[in-house]
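Novice: One structure follows; several queries about it will come next.
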DNA sequence: TTTTTTGATAAAAACGATATTTCATGCTAT
DNA sequence: ATAGCATGAAATATCGTTTTTATCAAAAAA
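Residue numbers (my numbering), protein chains in the order written: chain Y, 1 to 242; chain A, 1001 to 1242.
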């Protein structure tokens, strides 16, 4: 009996560690991260046969994982032409940012209106953790960058966690991830701006003071700022192909 | 050579007629319609083996079609426990309606702002067709109900067709289909209210006069009305299970 | 040259079979 | 009587192969 080709890494154990119950979910998560991180470039073809060997799983497992990634518009497919990573464009990012402003604002207003003591406590805790890391950020930027990313996300999640509308939260999450993909593709150092902590502090105070207009305004400008950064990246790069 | 089990209907030819390029797309479309129409009840298990025989295709084809239906939240899955039709609840419908009001309003405002002559022409045409059918609707309701549904959708699509934000349009479409599922499940006769034509006329006029506030208000109340209808349906039916 | 046709190759889609897991049923021990 | 365990049937998830389709390049025709 010939020995099977060794897969590039052990997906089965990685799956259990990641909390995935099935191989499909494990492949899904892994591919998702690879696309969001830019390891798979926009527009790149995702060949089932190739991925099959890479992960050491069957073809239909790969296909099903790719199909599920279509939910978040991270993967597209057309007729008999296989799968590709979703393309990017400046216009697309503008649309994403526009939608984010709308949804993030509404979610925040809803949370401010309905949030209870637990909600406030969660924000305080998340803000505290984030602040601690941001203190260290000035000294050793590369060291805590990854940690900052997680805590930053946790803070923003905490802000809107009292919004009960699941559809709103779902759409917001999709857009948030998409936006992050653009930032990571553009190698934007999201921690670079000096005023990042000041912004968080301002948002934090406005929310705790239950001032919806002020908080919305701050979040809106926060999102607007990213558009300018990405727009610069796209200048001088007319089109991207496979 | 034994003759294969005859499938319940010829999917391959139905696929080509429906414009589907692959079996997966054909199964996808068919299942989608079956769920939206209520032929598959909320919460119902969708057994792969059963569907496989019904459609006369392979198991992975079914699985992939089901996976893609997760994009629109029409199907859910939970590790090793198969697929089921998404459950329904009054709260879910309220969330959907709330989101629809927001997105529909924004899309309409954007269209009114950016719409050109072609956009106006499209609305006029769609409105005209819809009006013609609504005249006949009073006499022979059952006869033209299906046609009215299509034209009604076409009219509302035309209204927002000048909104360039693809994400907005995508989310709106998902919510619109979800909303329709609730209405169809509740056996609501969407053509019943006498004032349906009057509403459309009012929206039409407000849009053509480029009055965004007025048009948004009208669309908002149009959506609000459905919530009342669905809420009645849910009263007296505590929970639904498999 | 430019356009068509043809053939070869690579990839995607679809299938059928196998291995695992879940769930329900009935049995046993306390 | 009931909680817990064992057992088997049903259904899921997964795999490797077969069939179909698209792509590309070279040859033939215009």
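C-beta: ideal position from N, C-alpha, C; glycine also.
As the structure is a computational prediction, the values presented were derived from the model and not from experiment.
Strictly under 8 Å for the Cβ-Cβ distance: is residue 223/Y near chain A by that measure?
Specialist: no
Novice: On a Cα-Cα basis, can you pick out the residue from 30/Y, 186/Y, 21/Y and 140/Y that is closest to residue 42/Y?
Specialist: 186/Y
Novice: Which one or two residues does DSSP pair with residue 76/Y in a beta bridge?
Specialist: 84/Y
Novice: Taking the C-alpha atoms as reference points, what is the distance between residue 1197/A and residue 1134/A?
Specialist: Going by the C-alpha atoms only, they are around 7 Å apart.
Novice: If we define contact as Cβ-Cβ less than 8 Å, is residue 116/Y a contact residue for chain A?
Specialist: no
Novice: Do residue 54/Y and residue 85/Y have their CB atoms nearer than 8 Å?
Specialist: no
Novice: Excluding the 5 residues preceding and the 5 following residue 1005/A in the sequence, name in chain order all residues of the same chain whose CB lies nearer than 8 Å to its CB.
Specialist: Low local confidence applies: a pLDDT of 44 at residue 1005/A is under 50, so the model's placement there is unreliable, with the coordinate-based value given in what follows. Excluding residues within five positions, the ones whose Cβ falls inside 8 Å are 1053 and 1056.
Novice: Do residue 106/Y and residue 159/Y come within 8 Å of each other at the CB atom, strictly closer than that value?
Specialist: no
Novice: Kindly say whether residue 1062/A, judged by its beta-carbon, lies nearer than 8 Å to any beta-carbon of chain Y.
Specialist: Chain Y, which has no Cβ nearer than 8 Å to the Cβ of residue 1062/A, makes this no.
Novice: Our contact map puts residue 152/Y next to residue 36/Y with C-beta atoms below 8 Å; I'd like the distance itself, whole angstroms only.
Specialist: No, residue 152/Y and residue 36/Y are not in contact; Cβ-Cβ is about 15 Å, not under 8 Å.
Novice: Tell me, please, which residues DSSP counts as bridged to residue 46/Y.
Specialist: According to DSSP, which records beta bridges pairwise, residue 46/Y is partnered with 83/Y.
Novice: State the Cα-Cα distance for the pair residue 1032/A and residue 1024/A, rounded to the nearest angstrom.
Specialist: 12 Å
Novice: Under three-state DSSP, which class holds residue 1001/A?
Specialist: For residue 1001/A, the predicted model reports a pLDDT of 38, less than 50, meaning its position is unreliable; a value from the coordinates is still stated below. In this structure, residue 1001/A counts as coil in the three-state DSSP scheme.
Novice: Relative to the C-alpha of residue 87/Y, which candidate in 40/Y, 215/Y and 100/Y has its C-alpha closest?
Specialist: Residue 40/Y is the option with its Cα nearest to residue 87/Y.
Novice: With 8 Å set as the bound, which would you pick, yes or no: does the beta-carbon of residue 1076/A sit closer than that to a beta-carbon of chain Y?
Specialist: no
Novice: Could you name the residues of the same chain whose beta carbon sits closer than 7 Å to that of residue 216/Y, not counting the 5 residues immediately before and after it, in chain order?
Specialist: Same-chain partners within the cutoff: 105, 108 and 109.
Novice: Along the segment 1072-1100 of chain A, what residues have a CB closer than 7 Å to any CB found in chain Y?
Specialist: 1079, 1080, 1095, 1096, 1098 and 1099
Novice: Taking 8 Å as the CB-CB limit, is residue 148/Y close to chain A?
Specialist: False, the Cβ-Cβ gap to chain A never drops below 8 Å.
Novice: Measuring only between beta-carbons, confirm whether residue 1067/A sits less than 8 Å from chain Y.
Specialist: So yes, residue 1067/A belongs to the interface.
Novice: Are the Cβ atoms of residue 1095/A and residue 166/Y separated by less than 8 Å?
Specialist: yes
Novice: Note down the Cα distance separating residue 60/Y from residue 138/Y, rounded to an integer number of angstroms.
Specialist: Taking the straight line from one Cα to the other gives about 47 Å.
Novice: Quick check on residue 57/Y: does DSSP put it in helix, strand or coil?
Specialist: coil
Novice: Here's a check: name, in chain order, each residue in its chain whose Cβ is nearer than 6 Å to the Cβ of residue 1178/A, leaving out the five neighbours to either side.
Specialist: 1096
Novice: From the DSSP output, in three-state form, read off residue 136/Y for me.
Specialist: Of the three classes helix, strand and coil, the one that applies to residue 136/Y here is helix, per DSSP.
Novice: Taking all protein chains shown into account, decide if residue 1067/A is buried (16 or more other Cβ within 10 angstroms of its Cβ) or exposed.
Specialist: buried
Novice: For a cutoff of 8 Å on Cβ pairs, would you count residue 119/Y as touching chain A?
Specialist: no
Novice: Determine the extent of the alpha helix (DSSP H) in which residue 188/Y is found, giving its start and end residues.
Specialist: Residue 188/Y -> no alpha helix (DSSP H), and no H or E assigned at all.
Novice: Under 8 Å Cβ-Cβ, which residues of chain Y neighbour residue 1180/A?
Specialist: The contacting residues do not exist; residue 1180/A stays about 15 Å from chain Y at best.
Novice: Excluding the five sequence neighbours on either side, which residues of its own chain have a C-beta within less than 6 Å of the C-beta of residue 223/Y, listed in chain order?
Specialist: 97, 100 and 101
Novice: Is the shortest distance between the beta-carbon of residue 1171/A and the beta-carbons of chain Y less than 8 Å?
Specialist: yes
Novice: Please list the terminal residues of the continuous alpha helix (DSSP H) segment that includes residue 1020/A.
Specialist: That residue, residue 1020/A, is in no alpha helix (DSSP H); it is neither H nor E in DSSP.
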